[in-house]
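Participant: Before we start, here is the structure in question, set down as structure tokens.
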Amino acid sequence: MAIAETTLARPRTFLVPWRPGLVLSAAWLLLVVVAAVTPSVFAPGDPLAIDTAARLLPPSLDHPFGTDRLGRDLFAQTVHGAGRTLPAAVLATLIGLGAGVTLGLLSGFLRGVVDLALMRLVDVLLAIPGLLLALMLVSVLGKGSTIDVAIAIGVTAIAGTARVMRAEVLRIAGSDFVEAARIGGARRSRIVLRHVLPNAMGPVWVLTLLLFGMAILGVTTLSFLGFGTQPPTPEWGALVSSGRDFLGSAWWLSLLPGAVVALTVLAANRVSLVFDKGGSEPW
Numbered sequence: 002m003a004i005a006e007t008t009l010a011r012p013r014t015f016l017v018p019w020r021p022g023l024v025l026s027a028a029w030l031l032l033v034v035v036a037a038v039t040p041s042v043f044a045p046g047d048p049l050a051i052d053t054a055a056r057l058l059p060p061s062l063d064h065p066f067g068t069d070r071l072g073r074d075l076f077a078q079t080v081h082g083a084g085r086t087l088p089a090a091v092l093a094t095l096i097g098l099g100a101g102v103t104l105g106l107l108s109g110f111l112r113g114v115v116d117l118a119l120m121r122l123v124d125v126l127l128a129i130p131g132l133l134l135a136l137m138l139v140s141v142l143g144k145g146s147t148i149d150v151a152i153a154i155g156v157t158a159i160a161g162t163a164r165v166m167r168a169e170v171l172r173i174a175g176s177d178f179v180e181a182a183r184i185g186g187a188r189r190s191r192i193v194l195r196h197v198l199p200n201a202m203g204p205v206w207v208l209t210l211l212l213f214g215m216a217i218l219g220v221t222t223l224s225f226l227g228f229g230t231q232p233p234t235p236e237w238g239a240l241v242s243s244g245r246d247f248l249g250s251a252w253w254l255s256l257l258p259g260a261v262v263a264l265t266v267l268a269a270n271r272v273s274l275v276f277d278k279g280g281s282e283p284w
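Residues 2 to 284 in my numbering are what the sequence shown lists, from first letter to last.
What follows is the structure in structure tokens.
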């Protein structure tokens, strides 16, 4: 008698034995966060200390990222610059998430005129290129404040977050358990806070790390263009900008801080991909 073979589907899990891409990305993000919180761990010296005898030195053991035109250690400036760029990116992410989730929740749950009005506002924001919108906002808010830059970048993230949240709320609002809560006499506020909001936040949490990476890139871009923190205070975008006049003779001034920015953004995107794919990515 033939015995039928059954194949059990392997459950999706985040406990994959070894994924070097994820491990390296998470480790890099951890190092960057530690550098932002306690920069003296990696660079105990003064990042603004001037040494005219050590001007424009290439990378070496004494100066891993080389020195700038005033003899200041570029590695120390990059490490201390994380303390400016990352908090601004976190603030921008929180602004984009907070406002976007609120708009999407109200639009998807209330529907009707509220939905129409809020989505037209979102359409207006989406119609303007993100960088152009950020430049317009930061020009109005002010030029020399990192907080103003963070607000400008955060506003550019509101529309996309609101769209994602609205789609999830519309899906959850038609679920059986929400209808059961309505029939049971639950108040609208209780339905929203107890049933709709927690169940609709899944894709938004995945979006958080993507927004964080985009915020780092946005803050760095505005700083590169001369907005935000002004020299000599170290900030990643300002460091990249300061090396523009020395690309031929001192390539490290722009390349190495720029590489740190790129690696941080890629690491954030890589970690977010794991949650988006349910841990199924092999690397």
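Glycine is no exception: its CB is placed at the ideal position from the N, C-alpha and C atoms. Computed from a prediction, not measured in an experiment: that's the story for all the values here.
Excluding sequence positions up to five away, which residues of its chain have a Cβ less than 6 Å from the Cβ of A160?
Facilitator: Here residue 160 corresponds to residue number 159 of the sequence shown, with the count starting at 1. So the list reads V123, L126 and L127, once near-sequence residues are dropped.
Participant: Please list the terminal residues of the continuous alpha helix (DSSP H) segment that includes T222.
Facilitator: Residue mapping note: residue 222 aligns to position 221 of the sequence shown, counting from 1. Element bounds for T222: G203 to F225.
Participant: So, does the region 52-64 touch the region 23-32, judging by three or more C-beta pairs under 8 Å?
Facilitator: Segments in contact, no.
Participant: Count the other C-beta atoms from every protein chain shown that fall within 10 angstroms of the C-beta of E169, then say buried if there are 16 or more, exposed otherwise.
Facilitator: As a position in the sequence shown, residue 169 is number 168, starting the count at 1. Flag for E169 reads buried.
Participant: Can you give me the Cβ contacts of A36 inside the same chain, cut-off strictly under 6 Å, excluding the 5 residues immediately before and after it?
Facilitator: Counting from one through the sequence shown, the residue named residue 36 turns up at place 35. Result list for A36: F43, V80 and A83, in chain order.
Participant: State the start and end residues of the unbroken alpha helix (DSSP H) segment that holds F66.
Facilitator: Walking along the sequence shown from the start, residue 66 turns up at place 65. Where F66 is concerned, there is no enclosing alpha helix (DSSP H), given that its DSSP letter is neither H nor E.
Participant: Are the region 65-80 and the region 250-270 touching, with three or more C-beta to C-beta distances below 8 Å?
Facilitator: As far as the Cβ criterion goes, the region 65-80 touches the region 250-270, which means the pair count is three or higher.
Participant: So what does D116 bridge to, in DSSP terms?
Facilitator: Stepping through the sequence shown from its first residue, residue 116 is reached at position 115. DSSP lists no partner for D116.
Participant: Use the C-beta contact count for W206: other C-beta atoms within 10 angstroms, 16 or more gives buried, fewer gives exposed.
Facilitator: Counted from its first residue, the sequence shown places residue 206 at position 205. The residue in question, W206, is exposed, as its Cβ has fewer than 16 Cβ neighbours within 10 Å.
Participant: Report all residues from its chain with a CB closer than 6 Å to the CB of L119; omit the five preceding and five following residues, and keep chain order.
Facilitator: Walking along the sequence shown from the start, residue 119 turns up at place 118. So the list reads L104 and S108, once near-sequence residues are dropped.
Participant: If we count the other Cβ atoms within 10 Å of its Cβ and call it buried at 16 or more, is D285 buried or exposed?
Facilitator: Nothing about residue 285 can be reported from this structure: the residues present for the chain run from 2 to 284 only.
Participant: V165: which of S140, G101, T157 and R195 sits nearest, CA to CA?
Facilitator: Looking up residue 165 in the sequence shown gives position 164. That would be G101, whose Cα lies nearest to the Cα of V165.
Participant: Measuring CA to CA, which of I96, Q78, G99 and R167 is closest to R112?
Facilitator: Along the sequence shown, read from residue 1 onward, the residue named residue 112 stands at position 111. It is R167.
Participant: Looking only at its own chain, which residues have a Cβ that is under 8 Å from the Cβ of L1, when we skip the five neighbours before and after it?
Facilitator: Lying outside 2 to 284, the shown extent of the chain, residue 1 is not represented and no answer is given.
Participant: Let's test the definition: count the other Cβ atoms within 10 Å of the Cβ of F225 and tell me whether it reaches 16, buried, or not, exposed.
Facilitator: Residue 225 sits at position 224 when you count from the first residue of the sequence shown. Classification for F225: buried.
Participant: Where does D74 sit, in a helix, a strand or coil, going by DSSP?
Facilitator: Looking up residue 74 in the sequence shown gives position 73. Residue state, collapsed to three classes: strand.
Participant: Nearest to A268 by CA position, among R188, D74, F213 and G131, is which residue?
Facilitator: The sequence position of residue 268 within the sequence shown is 267, counting from 1. Cα-wise, what sits closest to A268 is F213.
Participant: With V141 and F228 assumed to form a contact (beta carbons below 8 Å), what rounded beta-carbon distance in angstroms separates them?
Facilitator: Taking the first residue of the sequence shown as position 1, residue 141 is located at position 140. Taking the first residue of the sequence shown as position 1, residue 228 is located at position 227. About 12 Å; that fails the 8 Å criterion.
Participant: From V34 to L87, what distance separates their C-alpha atoms?
Facilitator: Working through the sequence shown from its first residue, we reach residue 34 at position 33. Working through the sequence shown from its first residue, we reach residue 87 at position 86. About 8 Å.
Participant: Does DSSP put D1 in a helix, in a strand, or in coil?
Facilitator: One cannot answer for residue 1 here, as it falls past the ends of the chain, which runs 2 to 284.
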